[in-house]
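There are 4 protein chains.
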Amino acid sequence: MVSTGPPVARQISLYAVIQSILLHGPTSRADLAKRAGLSRQTISDVVLELETAGWLKPLGRTAGKPGRSAVVYEINAAAGLAAAVDLGGTKLSVAIGDLLGNALAEATVPTDTRGGTQVVEQVAGQIESLAAELNVSAKQLKIVVLGTPGVFHPGTAHIMVAPNIPGIGEVNVLGVLSDRLGVPVIIENDVNLAARGEQWRGHGTGVRNFVFIAIGTGVGMGIIADGHLLRGARGAAGEIGYLPIGGDPYDPRGFTLGTFETAVGGVGIANRYVGFGGHGGATVRDIFSALESGDAAASATIEETARLIAPAIAAVGATLDPEMVILGGSIGARPELIDAVRRILPRCTPSPPRVVASVLGSRAGLVGALGVAVDRMHDALFGVGLPATPLLAPSARRQQADLRIVQDSVG
Amino acid sequence: MVSTGPPVARQISLYAVIQSILLHGPTSRADLAKRAGLSRQTISDVVLELETAGWLKPLGRTAGKPGRSAVVYEINAAAGLAAAVDLGGTKLSVAIGDLLGNALAEATVPTDTRGGTQVVEQVAGQIESLAAELNVSAKQLKIVVLGTPGVFHPGTAHIMVAPNIPGIGEVNVLGVLSDRLGVPVIIENDVNLAARGEQWRGHGTGVRNFVFIAIGTGVGMGIIADGHLLRGARGAAGEIGYLPIGGDPYDPRGFTLGTFETAVGGVGIANRYVGFGGHGGATVRDIFSALESGDAAASATIEETARLIAPAIAAVGATLDPEMVILGGSIGARPELIDAVRRILPRCTPSPPRVVASVLGSRAGLVGALGVAVDRMHDALFGVGLPATPLLAPSARRQQADLRIVQDSVG
Amino acid sequence: MVSTGPPVARQISLYAVIQSILLHGPTSRADLAKRAGLSRQTISDVVLELETAGWLKPLGRTAGKPGRSAVVYEINAAAGLAAAVDLGGTKLSVAIGDLLGNALAEATVPTDTRGGTQVVEQVAGQIESLAAELNVSAKQLKIVVLGTPGVFHPGTAHIMVAPNIPGIGEVNVLGVLSDRLGVPVIIENDVNLAARGEQWRGHGTGVRNFVFIAIGTGVGMGIIADGHLLRGARGAAGEIGYLPIGGDPYDPRGFTLGTFETAVGGVGIANRYVGFGGHGGATVRDIFSALESGDAAASATIEETARLIAPAIAAVGATLDPEMVILGGSIGARPELIDAVRRILPRCTPSPPRVVASVLGSRAGLVGALGVAVDRMHDALFGVGLPATPLLAPSARRQQADLRIVQDSVG
Amino acid sequence: MVSTGPPVARQISLYAVIQSILLHGPTSRADLAKRAGLSRQTISDVVLELETAGWLKPLGRTAGKPGRSAVVYEINAAAGLAAAVDLGGTKLSVAIGDLLGNALAEATVPTDTRGGTQVVEQVAGQIESLAAELNVSAKQLKIVVLGTPGVFHPGTAHIMVAPNIPGIGEVNVLGVLSDRLGVPVIIENDVNLAARGEQWRGHGTGVRNFVFIAIGTGVGMGIIADGHLLRGARGAAGEIGYLPIGGDPYDPRGFTLGTFETAVGGVGIANRYVGFGGHGGATVRDIFSALESGDAAASATIEETARLIAPAIAAVGATLDPEMVILGGSIGARPELIDAVRRILPRCTPSPPRVVASVLGSRAGLVGALGVAVDRMHDALFGVGLPATPLLAPSARRQQADLRIVQDSVG
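Residue numbers (this note's numbering), protein chains in the order written: chain V, 1290 to 1700; chain S, 1290 to 1700; chain D, 1290 to 1700; chain Z, 1290 to 1700.
Here you go:
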């Protein structure tokens, strides 16, 4: 059935059809031919091939003049499932989504405090359990995308600098998890994934240049530049905790956590509150509550924190020229803080970028993981440039090689 | 003569052949077939087509066993010529290069001090005059790539914020120059071009993530991220003159030129020298000379300047994670300054990036402009993805439409 | 009539009587004896001597039991007159006061814009004209105390660093003025005099350690430490315009006017307003008016200015431990600014000193000059430690030698 | 024997004689009369009185023409003894000195680590034991002057903020020690005493305005202004550890120890060394040793420390205008550090004060305590202004009331 044309050309045709339906939704063959600039015969061949393989399914017929109605095809979303994981120091969230990015199941549990391999096992268990709810085997997943704090070093396959999960740096999370599940795994910095989440289904939709700045226990930034996630030479792009802001640039006390993170991370904010006369032991959440009730120390704390964030945004603006800065994280997304930042920003830069709150909130990382998973499924299943990728029926278990995805091409 | 295969497939084959020869140099058809994974017949057809059109030419025959020698083909470099322009406040440099990026002619003259349209006219005149030296008409050039200080705003086609060339902001440089010459024109920030120059033929060769920081009269940065030039939302990425370093971040005196540029640009350095007891009227060049003869004010000036540059590099490192920082510009490339920066950098960041001097020196921008011109010629002439691009004989004047290149896809 | 006791002892007795009346007001001889612990005979002798010489005069008799009423003596305030001068860049204020510090006449005129000797002549003329109003000759004044911006250098008798009065640095103001009037002259920094004014008749009454910080066109501080005006080695104590606050401490742009003065002096504030979007040409007065009408740029300007003043007060606090900081000057005394400083100060020091507005306002310097003049008259006329000072009748013109007062013992 | 003249006049004569001999050394009566401007008869009476009381003693006769030689009198130094104490966190030094400030005995022991009352008892024991060596009873001492880190609050008689001696803040050191020894006690900040030491017998001799900056475990400054020790409203003048230098002025982490002390105190320096790659556990002494052997981290550490000290000196200069800055303390007196400060200071102030190393080194505080003790003995024994002070024989134990010395008039 396969066309006699060169495989590459056929691959491109397949890709064009899928992309067209992904972009425009259910479509008839005639419309596909019009959009792709291909002959109706070629389109018919391709659609047949995709339907046979299970990627497309007929949705129904267009309403039209009698005798002119046509079958409308949609993506068979269930033909590819993937797991998205957001692994934090306190919480572990897992979702399973389909080819269209619909989250079919989702669960959040406290992270296993024992850390290390126990946490990896917990991740695997959660995935399996969610898969079971959906009556599939975890092995059928096309990919697992796991977001976590810290820098993931592709060379060693270890997660670096993730102080909130004990022992995680000693485990080959990628290897253990993919072996355990029999599914390819991608690990990505959680803030990078949150940026992808906002790009996919948040404020960043259609914005080619923006940054997502997360402020919570730690501080980080995900960069979307010219539409792509920017990672830097060692995966450490966006590690703005190390900006020389909030302390003397030459003070090596800032070398460990970073001068900026030390100043505006959760611990820094809590210390500031105590320094300004607030009661000890207050969490950042308590400080925001105190702010509402007019507590002067809380007000000073938030204002001074905003005064450190604003020059950091100015520095990011001078470097990256983003169209938009999305503030997220448990602290960064607070409207009181964002209001203060917006008010102060024009005092430290002549061209303040637009600052908005993350629309996805604490789910940004999980959504981003799902988005990456969908991308990877699309690329692997329908992508050009992978010459030896035969189109198999989705139900047939894909060989892992088909999805061999290198870390540095995510996004 | 054109093959009956699908145009896209043929286009890809043409591209593969050209890329292979560009990458590996003169090659025989047999080797081309081996490298491209295409049949010898397809290769023969393609080579014939390219040779007929003038893009390839036989270089000679391989040495080999008797009867086994083969014709070796090379790119017909002269089949495409382009002009590269580096338009500065004091100097105007123009080069004409060929398809392989060989600079065939080059000239530098003082920039017309009257500014505005006179400068545009001067650029055109210089191009025409260089073309005449090569016995071609300027109209035959495939493209002109012009680098200049300031931010080029594609929407208005005006050059913003280029304080060193009077009146240039009021001229539609792109329109006037392309109309005047009858050749498509690309305008790009000169530091961005210098970064491209270093990527093409300098320290950045093969480095996927690096920045080029130019320090001269002004301050700027070109960013190569994941191999591509990063421009930001408004073309202002890399405008690190606005980093909140070298002064109070909340001091709006830094709003005009930028806090950092005010501190480390040429005027700032000269003022610093006077403030430290150096004689008034000294140029930065004088200060470096004084440094050699042990002048304490010069020594203090360079050291303090380096102490401001180092945290800026730290800030860039925390944001972009470059593998390398190339320092260029008439001040930035001075080894005394670079030594000082290298010595000081580890005091303000735990992970100092590698710092090197620009290898191209004051020609980095011109080389970059030539590199962009070559890229654009290759893309336009051999690129995929431009479905309506027929391969014409190089001697036939290309329609401008074929090369209609949008600003935001250079590089 | 003069007692046969040692002159020093008599001097001390005279001093004790005068001090007692200055302190407690009109007093009888009996009460004087009681307070001084001296015999009634000694007191009678001393009072007679002082009355004869003209320094005391009987006010009346105490009301008391019949036959027990007593003559009550008061200071003959008119027995000593002095001129106080506040010489500013735009205004010249002169007052003539008596031995009790009553201002008998006062006038303010615009400072002669020609500067230099013309200004000195103007000062002399104003003094003579005021004296004429009081029907005395300027020659009868005991002393002239002149306050002016800048550091007065006793060695050269020139006023250093007073940029607002052209040419004043080239004139020997002290010599010219005292020659012209035939009266001894003291020159003192105007902010120091304002501090003395507040100590004498303002918020500083009875406060042993306080500072007066003037913020207007320029910035300065007068220090009262352990009750005395502190001048430093070169008369430059309190020149807080040079504090390394409001800019990079290593930026020699701050060497001319001082980093802090550059940032918070009148010009700095006006520039800040423009930088924050306020309209150009606004005076500081305009900015405060705009603040009232809710102008955001004005609000940002005042807040940011207060944020620079607060750390300066913290620095002064860490150095001098004043009980109180009095803010004065045309800018410093504005309640909107003081409120902002008070609000912000606890954020930059754990032990913020009390901050109050100058109670004397723009007259603080003139009042201080008068206070110094009264002190000098008292010291010269009644003081111990000047062994050769005979008590002459106040009407007799004092020889200049008697009042030769060295610069570094004022206050 | 007492002259019939008024007691005050006689007191002044006694004072004049003593001062003359203190100032000029052994002197004859004729020379005393000449210098004091008093009659030879008065001088003879006074000298006889002082000799009888034990304060003066004949040294011998002047060499002169036969028949013209005269008895030369000197102070009977042994007529008044006092104890000076320097109580530090690790060492306790005690000296006993005489009326001329000769240290007759001196001892240093480790401070009792139990702190609190044990330390007070240790001080008393050391004084008694030294006195015993000199064959006198501790009760015969005229005064004890004790220097210690921290602010001594006269109102509560407690030592505030002396973190290095546990429990010392809970003890009424003044009361316990004076009760225990039966001798009046003065407590003073140790850095203030070191400043007095330098004024008395160090670099500050004859300098009316200077500061002594101590940098060791902690940071402090003693101020001599117009010849007098300046204490401020709460005894906290010179607490420059709280200068807003070395960190963000608005960072309340600096509220506890002070932003400046946190940055340049011993712990800050050791942390800086580790941050710059030096080995952990190094003491500041080790760092200076490493500096000698060319260790780059040590070099960076000292240079960066000097770069923080220099702006602090600039701030002190702008506030106090000292003629000289004496650097002392175990860190501050290191020549390597002072050289670095001297080199850097002109980069952060246009009028750098002279910077010298403490000449008294670690004994500055003890010397200063002795100097204060001598002053107090002279004031109490020979001073005017204490009307009821009869001159008793030195051997008679003085009533404590005679020496009731209030804290705020030392120096």
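All residues carry an ideal CB built from backbone N, CA and C; glycine is no exception.
- In the displayed model, histidine 1442(S) falls within a strand according to three-state DSSP.
- In this structure, alanine 1484(Z) lies away from threonine 1608(D), with their beta-carbon atoms at least 9 Å apart.
- Judged by pairs of C-beta atoms under 8 Å, the stretch 1374 to 1393 of chain S does not touch the stretch 1328 to 1336 of chain S, as fewer than three such pairs exist.
- Valine 1465(V) carries a helical assignment under DSSP once its states are collapsed to helix, strand and coil.
- Excluding five sequence positions before and after isoleucine 1615(D), the CB atoms of its chain that fall closer than 6 Å to its own CB belong to Glu1487, His1492, Phe1501, Val1645 and Ser1647, given in chain order.
- Below the 8 Å Cβ cutoff, chain S contributes no neighbours of glutamate 1395(D), its closest Cβ being approximately 40 Å away.
- The shortest CA-to-CA distance from valine 1474(V) to any of Gly1530(V), Ala1319(V) and Lys1431(V) is the one to Lys1431(V).
- Counting C-beta pairs with one atom in each stretch, the stretch 1548 to 1562 of chain Z and the stretch 1527 to 1534 of chain Z have three or more that are closer than 8 Å, which means they touch.
- Within the stretch 1559 to 1590 of chain Z, the residues whose Cβ lies closer than 7 Å to any Cβ of chain V are, in chain order, Asn1560, Arg1561, Gly1564 and Phe1565.
- In summary, the residues of the stretch 1591 to 1616 of chain S whose CB is separated from some CB of chain D by less than 9 Å are Glu1593, Arg1596 and Leu1597, in the order they occur in the chain.
- Leu1435(Z) is the residue among Ala1325(Z), Leu1435(Z) and Leu1423(Z) whose C-alpha sits nearest the C-alpha of glycine 1464(Z).
- Glycine 1456(V) sits in coil when the DSSP states are folded into three classes, being neither helix nor strand.
- The closest CA to that of arginine 1652(V), considering only Cys1637(V), Leu1389(V), Ser1619(V) and Ala1579(V), is found on Ser1619(V).
- If you draw a 10 Å sphere on the C-beta of proline 1538(D), you find 16 or more other C-beta atoms in it, and that means buried.
- Less than 9 Å divides the Cβ of alanine 1371(Z) from the Cβ of aspartate 1387(Z).
- At least 9 Å separates the CB of proline 1438(D) from every CB of chain Z.
- When rounded, the separation of the alpha-carbon atoms in glutamate 1593(D) and isoleucine 1534(Z) is 19 Å.
- In the three-state scheme derived from DSSP, where H, G and I count as helix and E and B as strand, arginine 1490(D) is classed as helix.
- Distances from the alpha-carbon of arginine 1350(Z) to those of Ala1604(Z), Tyr1362(Z) and Leu1339(Z) put Tyr1362(Z) closest.
- Annotation: threonine 1316(Z) to tyrosine 1304(Z) spans about 15 Å, alpha carbon to alpha carbon.
- Under the 9 Å criterion on CB atoms, threonine 1494(S) is classed as non-interfacial with respect to chain V.
- Assigned with DSSP and collapsed to three states, glycine 1555(S) falls in helix.
- Beta-carbon to beta-carbon, alanine 1503(Z) and glycine 1617(Z) are separated by about 5 Å, close enough to satisfy the 8 Å threshold.
- Contact between the stretch 1631 to 1642 of chain V and the stretch 1583 to 1602 of chain V is present: 3 or more CB-CB pairs across the two stretches fall below 8 Å.
- Nearest to alanine 1394(Z) by C-alpha distance, out of Ile1385(Z), Ser1582(Z) and Ile1301(Z), is Ile1385(Z).
- C-alpha of asparagine 1461(Z) to C-alpha of alanine 1658(Z): approximately 19 Å in a straight line.
- Per DSSP, the beta-bridge partners of alanine 1372(V) are Ile1385(V) and Val1433(V).
- Within chain Z, no residue has its CB atom less than 9 Å from the CB of arginine 1643(V), the nearest being about 26 Å off.
- Within the stretch 1595 to 1674 of chain S, the complete beta strand (DSSP E) runs of at least 3 residues fall at 1613 to 1617 and 1643 to 1646.
- Histidine 1447(S) has a beta carbon lying at 9 Å or more from every beta carbon in chain V.
- Residue ranges of uninterrupted alpha helix (DSSP H) with 4 or more members, entirely inside the stretch 1532 to 1576 of chain Z and ordered along the chain, are 1548 to 1553 and 1555 to 1564.
- Any Cβ of chain S closer than 9 Å to the Cβ of methionine 1666(V) would place that residue at the interface, and such an atom is absent.
- Along the stretch 1472 to 1485 of chain D, none of the residues has a CB nearer than 9 Å to a CB of chain Z.
- The alpha carbon of leucine 1376(V) has as its nearest neighbour, out of Asn1365(V), Gly1369(V), Ile1364(V) and Gln1411(V), the alpha carbon of Gln1411(V).
- A buried status is given to alanine 1669(V), since no fewer than 16 other beta-carbon atoms sit within 10 Å of its beta-carbon.
- Leu1311(V) is the residue among Leu1311(V), Pro1642(V), Ile1591(V) and Val1663(V) whose C-alpha sits nearest the C-alpha of leucine 1345(V).
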